[in-house]
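S.K.: One structure follows; several queries about it will come next.
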Amino acid sequence: MRKLFFLILLAWFHSQSFAQDVQLSGSIKQDSSEIPMGQFIIYSLPDSALIKGGYIDSLYFETVFDGSKGREYLIKISLVGYQDTLIWFEKTSETIHLGEIDLSSARELQTVEVVYRKPEFQRTLDGITVNVQGTTLQTLNTLFDILIASPKLSSPDGEKIEIIGRGAPLILIDRQPIITIDELRAVPASMVESIQIITNPSAKYKAQGSANGVIEVFTKNFALEGYNMNVSTSGGVNTQLMPTAGLNLGLNIKRSKFSMNGYLGASLNTSYSEGYSEASSVSDSEILYSTPFDTKNQNTWSYYQLKTAYRISETQKITAGFRGNASFSTSDANSLTSYFQNGATITNTTSSGDTRYIWMSNSGFINYQIETDTNKSYLEVNLNLVQKKGNSNGTSINEYYNFISLDSSEFSLRTESRDQPLIGELRLNYEHNFDTSGWQLRTGFTYSELLNKKAYIRFNKAGDEWIEDQFFTNSYDYKEHLGTAYVEISKDWKKVGFRVGLTAEYTGLEGYSNSLNKQFIDSLYILPFPSASILYQPTENIGLTLSYSSGIDRPQFSDYDPFIRFEDSLNISYGNPYLRPSVSHSFGFDLDLFYAYSISFWYDHNADPISEISFFNDSSFLTETTPWNALYDRSIGTDLSIPIQLDWLQGWNSMWFNYSYYSFRPEFQRSDFTNVSFGIYSYLTFILPKNFSIMNQLNIYRWASAEYLSNTQVNWGLRFTKKFLNNDLQVYLDVSNILPPKNISSSFGGNYIYRSEAQYAFTSFKLGLYYKFGRLKQATQIQESNSGQSGRI
């Protein structure tokens, strides 16, 4: 407690000096060393109060101004013969350098070009905003790469995104929820404007159903007049000679009240993994089996997006768009499993399998916004429609040899599955601002319906032919109805603010098996979820937030489906139609310094969390797995985020720690379980002379869950970038997995422990190019609606 008090005291003392004189400098880009006489004027935002003015008589200018007047500023630079230029900047330190400023001839332009210089990460009441456009994050490859390079987010296995200490969040792209994580790899980084990592969701987001937080992704907005086009391409190979390649095209156009944004592209990724695993029974049978394995994967993506907007009037705007992607994946795996009892080999299995997967998705949306009064209150109506189609087929061939009977046998199967969800959603949001008192009322309603026709077909091999097995073949009709309503009220004073909200959710689920001619899901429940936050700011640069939220984590259809799935002859899984949703309660405390540095503490309690019951049969060596509701899990944790914004160094460092306790029901036949996970993340970009830069990525972490505990892993990568043509052309070289990490982990079932050592990542090299051209401009008057929605979707 003394250390925390000392930290707050130190921050307060530092803030007193931090908020005083600020040294501002910049340089004018000119073909000659001579420059005409000019002037600059600095204004504070949002009141546009005049702070200071001065003259410019050389290529380099420098001034000192009083930084206690606010946090955001605007400088206007005027030179004879050149168009006035406005530059927005933020007071992030006592020394701010605007860099090289390229002025345009007044004969060529009719509007003022605005340059935005934003920090990559900004703390908000809900969480963290990640600014992508205009930062080094824009030069990454995909949206997935941006997310794993952002504070408070992690990818424990390189395949999914989780909020540290909270689990998988609800992810929205332009207000549309994603269904698969693969969709994140279908969005080029250059098309992303900003990301909001919402660790303390308001009632508005709870209306969409998430117990673990929300990630809102906004692709580029339509604020700038003119056009801009970008092209990026990359290709590489790793030390296993597995190639990768990508090509992306992006276009932004704005003419008066109409704007359009679009992109299309494709990518190829191949990978190779190898490893070794073993499992031991915790019973008295002394059964042990071990498996060396290797796998080759190939994935091809193609994707597109088109988004248009039309401003009907000063208070009305309509936005519409659609996007889609297609994925083609193949996987080939080989393994050899040996089973032992009391040290003697009983049998072994040689397995080979291949999987082919096709996933196509098309979605569209229309959004209407109207400001309802002069206080910038607004009404938003949003319609979403998503159609997806997935087909997969796989073959597993298993050959057995029994060392006791000296008999050999074969078990081979082929499966096909179809998945075709259709999702429609209507969402209404209304925000009312009560004059200038700081009171706000938010309310809204959401209704969505999911219709899905699924099919699973099983084939057995008879000679050289595959014969359909009617007993294991099934098709389904699945419906999901979700209705939510929320109300939330908030108030901001000078140093104190609060927010209180309540969400009520209706959920109806129906599942019908055509093969069994039976309804196996018929669930209906209505649950309330309160949330609250209190923000206290003793000074301009210190913020203390105390929050509480509750939420729901619903099972997916695959969790409910009771039909048996064979991965191979010795591993089967099936769903549980009696699963209940998990309800969570979260408490958090955040300390923020200078709107940048933050330290957070949290406590989470989840009732009826969905876990796995997994048992190994000592006599048949068969492993069965099914989801089930555990009793509860609890976790406490902390994380520290330290962003860096200097002229020569940009990025962030963070550290996090999480302790979890899991309690299981008797069906699991497992004792209570605890684990510790942690991470040290660093993403730093060094700005070098001659337009060179080096991005250093270093992650040290250990991941854990109710069934899984990994070793400590190190992931290190570098990106070397050279910029040409006033940064319009960038060439980069990626070197990733410089120290190829090995994934050593333990998994815990009901009556066995499974240990694995595998290498999924190898040192790889990628050469890429990014080129943009065109010019985007904005009128001199800069205005943003109080709702904060004018630059969204």
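Note that this note's numbering gives residue 52 to position 52 of the sequence shown, counting from 1, and the numbers run on in steps of one.
From the three backbone atoms N, C-alpha and C, an ideal C-beta is built for every residue, glycine too.
For the alpha helix (DSSP H) containing Asp84, name the first residue and the last one.
M.R.: One-based indexing of the sequence shown puts residue 84 at position 84. Unbroken run through Asp84: none, as it is neither H nor E.
S.K.: Check this for me: beta carbons of Gly99 and Asp647, under 9 Å apart or not?
M.R.: Translated into positions along the sequence shown, residue 99 becomes position 99. Translated into positions along the sequence shown, residue 647 becomes position 647. A contact, by the Cβ cut-off of 9 Å.
S.K.: Please state if the CB of Ser584 and the CB of Asp604 are separated by a distance shorter than 9 Å.
M.R.: Position 604 of the sequence shown, counted from the start, is the residue given in the question as residue 604. Position 584 of the sequence shown, counted from the start, is the residue given in the question as residue 584. Yes, they are a contact pair.
S.K.: Where does Pro666 fall in DSSP's three states?
M.R.: On the sequence shown, residue 666 is found 666 positions in, with the first residue counted as 1. Looking at Pro666 - three-state DSSP - the assignment turns out to be helix.
S.K.: Sort Asn334, Asn382, Tyr276 by Cα distance to Ala320 and report the nearest one.
M.R.: In the sequence shown, counting from the first residue as 1, residue 320 sits at position 320. Cα-wise, what sits closest to Ala320 is Asn382.
S.K.: Within 10 angstroms of the Cβ of Val214, are there 16 or more other Cβ atoms? Answer buried if so, exposed if not.
M.R.: The residue given as residue 214 occupies position 214 in the sequence shown. Result: buried.
S.K.: Can you grab the Cα-Cα spacing for the pair Arg418 / Thr473, in whole Å?
M.R.: Position 418 of the sequence shown holds residue 418. Position 473 of the sequence shown holds residue 473. The straight-line gap from Cα to Cα measures roughly 12 Å.
S.K.: Evaluate the contact criterion for the region 385-396 versus the region 360-375: three or more CB pairs, one atom per stretch, below 8 Å.
M.R.: Judged by Cβ distances under 8 Å, the region 385-396 makes contact with the region 360-375, as three or more pairs qualify.
S.K.: Return the Cβ separation of Glu425 and Ser448 in integer angstroms, given the expectation that the two are a contact with Cβ distance under 8 Å.
M.R.: Residue mapping note: residue 425 aligns to position 425 of the sequence shown, counting from 1. Residue mapping note: residue 448 aligns to position 448 of the sequence shown, counting from 1. So it is a contact: roughly 4 Å between Cβ atoms.
S.K.: Express the C-alpha separation of Gln669 and Glu278 in angstroms, rounding to a whole number.
M.R.: Here the question's residue 278 lines up with position 278 in the sequence shown. Here the question's residue 669 lines up with position 669 in the sequence shown. Their backbone Cα atoms lie some 21 Å apart in a straight line.
S.K.: Return the Cβ separation of Ile101 and Gly26 in integer angstroms, given the expectation that the two are a contact with Cβ distance under 8 Å.
M.R.: Locating residue 101 in the sequence shown gives position 101, counting from the first residue. Locating residue 26 in the sequence shown gives position 26, counting from the first residue. With a Cβ gap of about 6 Å, Ile101 and Gly26 count as contacting.
S.K.: Give every residue of the same chain whose Cβ lies closer than 6 Å to the Cβ of Thr355, excluding the five residues on either side of it in the sequence, and list them in chain order.
M.R.: By one-based count along the sequence shown, residue 355 stands at place 355. Close CB contacts of Thr355 within its chain, under the 6 Å cut and outside five residues either way in sequence, are with Ser331, Gly394 (chain order).
S.K.: State the beta-bridge partners of Pro188 as determined by DSSP.
M.R.: By one-based count along the sequence shown, residue 188 stands at place 188. For Pro188, which the question treats as bridged, DSSP gives the partners Thr142.
S.K.: Which residues mark the beginning and the end of the alpha helix (DSSP H) in which Tyr476 is found?
M.R.: Position 476 of the sequence shown, counted from the first residue, corresponds to residue 476. Unbroken run through Tyr476 is the beta strand (DSSP E), 474-492; no alpha helix (DSSP H).
S.K.: Fully enclosed by the region 318-365, which beta strand (DSSP E) runs are 3 residues long or longer?
M.R.: none
S.K.: Please determine if the region 628-640 and the region 757-770 are in contact, where contact requires at least 3 C-beta pairs separated by less than 8 Å.
M.R.: no
S.K.: Would you kindly work out how many angstroms separate the C-alpha atoms of Glu540 and Gly438, rounded to a whole number?
M.R.: Working through the sequence shown from its first residue, we reach residue 540 at position 540. Working through the sequence shown from its first residue, we reach residue 438 at position 438. Taking the straight line from one Cα to the other gives about 18 Å.
S.K.: Taking the continuous alpha helix (DSSP H) assigned at Asp559, which residues delimit it?
M.R.: Taking the first residue of the sequence shown as position 1, residue 559 is located at position 559. It spans 557-560 - the alpha helix (DSSP H) in which Asp559 sits, taken as one unbroken run.
S.K.: Could you tell me which uninterrupted beta strand (DSSP E) segments, each at least 3 residues in length, are contained entirely in the region 701-728, listed from first to last along the chain?
M.R.: 708-710, 713-724
S.K.: Starting from Ile423 and walking both ways along the beta strand (DSSP E), at which residues does that stretch end?
M.R.: Counting from one through the sequence shown, the residue named residue 423 turns up at place 423. Note, Ile423: beta strand (DSSP E), 408-434.
S.K.: Label Leu579 either buried or exposed according to how many other C-beta atoms from any shown protein chain fall within 10 Å of its C-beta, with 16 as the threshold for buried.
M.R.: As a first step, residue 579 must be located in the sequence shown, where it is residue number 579. Under this definition Leu579 is a buried residue.
S.K.: In angstroms, rounded to a whole number, what distance separates the CA positions of Ile312 and Pro581?
M.R.: Locating residue 312 in the sequence shown gives position 312, where the first residue counts as 1. Locating residue 581 in the sequence shown gives position 581, where the first residue counts as 1. For Ile312 and Pro581, the distance between alpha carbons rounds to 43 Å.
S.K.: Got a sec, what are the start and stop residues for the beta strand (DSSP E) Ala758 sits in?
M.R.: To locate residue 758, count along the sequence shown from 1; it is residue 758. Per DSSP, Ala758 belongs to the beta strand (DSSP E) from 752-759.
S.K.: Would you identify the three-state DSSP class for Gly235, choosing helix, strand or coil?
M.R.: Position 235 of the sequence shown, counting from 1, holds the residue named residue 235. In this structure, Gly235 counts as strand in the three-state DSSP scheme.
S.K.: Report yes if the CB atom of Leu649 is closer than 9 Å to the CB atom of Ser600, and no otherwise.
M.R.: Locating residue 649 in the sequence shown gives position 649, where the first residue counts as 1. Locating residue 600 in the sequence shown gives position 600, where the first residue counts as 1. Result no, Cβ atoms of Leu649 and Ser600 do not sit closer than 9 Å.
S.K.: Does DSSP classify Phe471 as helix, strand or coil?
M.R.: Residue numbering aside, residue 471 sits at position 471 when the sequence shown is read from its first letter. Phe471 falls in the helix class under three-state DSSP.
S.K.: Suppose you measure from the CA of Leu769 to the CA of Trp703; what does that come to, to the nearest Å?
M.R.: Locating residue 769 in the sequence shown gives position 769, where the first residue counts as 1. Locating residue 703 in the sequence shown gives position 703, where the first residue counts as 1. In a straight line, the C-alpha of Leu769 is about 34 Å away from that of Trp703.
S.K.: Just checking my contact of Lys296 with Tyr272 at CB under 8 Å: how many whole Å lie between their CB atoms?
M.R.: Position 296 of the sequence shown, counting from 1, holds the residue named residue 296. Position 272 of the sequence shown, counting from 1, holds the residue named residue 272. That pair is a contact at about 5 Å.
S.K.: With 16 as the cutoff for other CB atoms within 10 Å, does Pro421 come out buried or exposed?
M.R.: For the purposes of this step, residue 421 is taken as residue 421 along the sequence shown, with counting starting at 1. It is buried - the Cβ of Pro421 has at least 16 other Cβ atoms within 10 Å.
S.K.: At what residue ranges does the region 287-321 contain a whole run of the beta strand (DSSP E), taking only runs of 3 or more?
M.R.: 287-311
S.K.: Can you tell me whether DSSP reads Gly438 as helix, strand or coil?
M.R.: Translated into positions along the sequence shown, residue 438 becomes position 438. Coil.
S.K.: Between the Cα of Gly324 and the Cα atoms of Asn230, Phe748, Asn576, Gly262, which residue gives the shortest distance?
M.R.: For the purposes of this step, residue 324 is identified with residue 324 of the sequence shown, where counting begins at 1. Across the set Asn230, Phe748, Asn576, Gly262, the C-alpha of Gly262 shows the shortest separation from the C-alpha of Gly324.
S.K.: Which residue comes first and which comes last in the beta strand (DSSP E) that contains Asp633?
M.R.: The count along the sequence shown starts at 1 and reaches residue 633 at position 633. Per DSSP, Asp633 belongs to the beta strand (DSSP E) from 632-645.
S.K.: Helix, strand or coil: which one does DSSP assign to Leu247?
M.R.: Counting from one through the sequence shown, the residue named residue 247 turns up at place 247. Residue state, collapsed to three classes: strand.
S.K.: Residue range of the beta strand (DSSP E) that Trp628 falls in?
M.R.: Position 628 of the sequence shown, counted from the start, is the residue given in the question as residue 628. Per DSSP, Trp628 belongs to the beta strand (DSSP E) from 623-629.
S.K.: Since I believe Leu103 is in contact with Leu79 (beta carbons under 8 Å), could you give me their beta-carbon distance rounded to a whole number of angstroms?
M.R.: Residue 79 sits at position 79 when you count from the first residue of the sequence shown. Residue 103 sits at position 103 when you count from the first residue of the sequence shown. Contact holds; Cβ gap of about 6 Å.
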